[in-house]
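Shown next, in structure tokens, is the structure this report addresses.
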Ligand SMILES: NC(=O)c1ccc[n+]([C@@H]2O[C@H](COP(=O)([O-])OP(=O)(O)OC[C@H]3O[C@@H](n4cnc5c(N)ncnc54)[C@H](OP(=O)(O)O)[C@@H]3O)[C@@H](O)[C@H]2O)c1
């Protein structure tokens, strides 16, 4: 595989998706929602959920959600910036939400909680919406956690380091067989690092942003 794969799909991002999806353990036919689905973690999470036989709904900004849904044959791709996002999400999940992979924060988690089915599971992977903000994180649908018996499963890959060698073997096998794939955006030169970082935060493109500093 190209070395760049070990910085994305077969690196931290792929491993993160695998740890979170193992916690969710989606079953065939269940509805799985993935936020920040156009980022590398989200792209791998969507594909792992689909391989498990789940009905996958991808959430991302702008037209990227639909592109991801089309690329991987998912049930739907929903734009979180749409003014009627909660309504669109509800119509994409007519049987509620059984599993959710959260990468963003309250703006996604809250409408997902509203749709949670009994004993739904939520893998709390990231809160990118709140990283630059120390304010409280408010959830209007917090009570659903109790009413529906929702399990919130926070995780850090740094507490799962011993699982990485086995996960890497699984990721490599899926990538080499063509069962797992994801686009990369390569920025050229050391000076491109700040722009690449900002492009990642601003959500330009699908998949991993990498900077090539030398051959
Ligand atoms: N738990 C762990 O061990 C672990 C390990 C690695 C990474 N993570 C977390 O996993 C998540 C995904 O990582 P990644 O590397 O694949 O990054 P990523 O999803 O590519 O993150 C960038 C994307 O986040 C979305 N975003 C940024 N600010 C946002 C906001 N205010 N509201 C909504 N969406 C926003 C944008 O997507 P859109 O344009 O589509 O909105 C942007 O493209 C991150 O939260 C990261 O911190 C966790």
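Residue numbers (the numbering used here): 1 to 215.
Cβ atoms here follow ideal geometry from the backbone N, Cα and C, with glycine treated the same way.
If you draw a straight line from the alpha carbon of residue i to that of residue j, how long is it in whole angstroms?
i	j	result
residue 36	residue 168	22 Å
residue 171	residue 15	8 Å
residue 111	residue 38	19 Å
residue 116	residue 97	5 Å
residue 106	residue 141	10 Å
residue 120	residue 28	14 Å
residue 240	residue 88	Limits of the chain in this structure are 1 at one end and 215 at the other, which puts residue 240 out of reach.
residue 189	residue 211	6 Å
residue 145	residue 56	21 Å
residue 154	residue 124	4 Å
residue 139	residue 157	25 Å
residue 134	residue 202	20 Å
residue 85	residue 180	28 Å
residue 184	residue 160	25 Å
residue 52	residue 108	23 Å
Could you tell me which residues DSSP pairs with residue i in its beta bridges?
i	result
residue 161	DSSP output for residue 161 lists no bridge partner at all.
residue 166	Paired residues: none, contrary to the question.
residue 151	121
residue 33	57 and 100
residue 201	For residue 201, which the question treats as bridged, DSSP gives no partner whatsoever.
Mind checking residue i: buried by the 16 CB within 10 Å criterion, or exposed?
i	result
residue 100	buried
residue 208	buried
residue 218	No information on residue 218 is available, as it lies outside the stretch 1 to 215 that the chain covers here.
residue 72	buried
residue 46	buried
residue 24	buried
residue 70	exposed
By the DSSP assignment, the beta strand (DSSP E) with residue i in it spans what residues?
i	result
residue 91	Residue 91 -> not in any beta strand (DSSP E); alpha helix (DSSP H) instead, spanning 85-92.
residue 188	184-188
residue 78	76-79
residue 209	208-212
Check for me: the alpha helix (DSSP H) holding residue i runs from which residue to which?
i	result
residue 95	No alpha helix (DSSP H) holds residue 95; DSSP gives it neither H nor E.
residue 65	64-72
residue 112	106-114
Is residue i near ligand 3, going by C-beta to nearest heavy atom under 6 Å?
i	result
residue 106	No copy of ligand 3 appears in this structure; the ligands present are ligand 1.
Collect the residues with a C-beta less than 5 Å away from any heavy atom of ligand 1 and give them in sequence order along the chain.
16, 36, 38, 39, 40, 41, 60, 61, 103, 104, 125, 126, 128, 129, 156, 157 and 203
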